[in-house]
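Asker: Residue numbers (the working numbering): 317 to 384.
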C-alpha cells in the first residue's frame with residue numbers, strides 16, 4: 317500500500333533507534349527516542365521492553381484523558 321492509501325491516523329509513535337521513518341500525517345506525533353538494543357545483552361532488551369510498555373500505558377492514559 318502507498319502511504320497515501322492509509323486513512324488519517326490520530327497518533328504516530330516513532331521509536332527512535334536512528335531509523336528514518338516515512339512521514340505519515342497525523343493529529344499527534346511523538347518520538348520516544350529509544351536506543352536500539354540490537355547486539356546488547358538480554359538485560360538491555362528487557363529494559364527496552366519495559367520502557368516501551370510504560371510509554372504505551374502513559375500514552376493510553378493521555379488519550380483517555382483527551383490531553384492529546
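For every residue, glycine included, the Cβ atom is placed at its ideal position computed from N, Cα and C.
Helix or strand or just coil, what does DSSP make of residue 356?
Answerer: Here residue 356 refers to the residue found at position 40 of the chain shown. Correct three-state label for residue 356: coil.
Asker: So, using beta-carbon positions, are residue 340 and residue 319 closer together than 8 Å?
Answerer: On the chain shown, position 24 is the one that residue 340 refers to. On the chain shown, position 3 is the one that residue 319 refers to. Result yes, Cβ atoms of residue 340 and residue 319 sit closer than 8 Å.
Asker: Any idea what DSSP makes of residue 350, helix, strand or coil?
Answerer: Against the chain shown, residue 350 aligns to sequence position 34. Of the three classes helix, strand and coil, the one that applies to residue 350 here is strand, per DSSP.
Asker: Using the DSSP secondary-structure output, state which residues sit across from residue 378 in a beta bridge.
Answerer: Here residue 378 refers to the residue found at position 62 of the chain shown. Note: residue 378 sits in no beta bridge, so no partner.
Asker: Output needed for residue 346: all residues of its chain with C-beta closer than 6 Å, excluding positions within five of it in sequence on either side, in chain order.
Answerer: Position 30 of the chain shown, counting from 1, holds the residue named residue 346. Closer than 6 Å at Cβ, skipping near neighbours: 329.
Asker: Residue 348: which of 358, 357, 335 sits nearest, CA to CA?
Answerer: As a working mapping, residue 348 is identified with position 32 in the chain shown. Comparing Cα positions, the closest option is 335.
Asker: So residue 326 is in the beta strand (DSSP E); what residue range does that whole segment cover?
Answerer: Translated into the one-based positions of the chain shown, residue 326 becomes position 10. Here the beta strand (DSSP E) through residue 326 covers 325-332.
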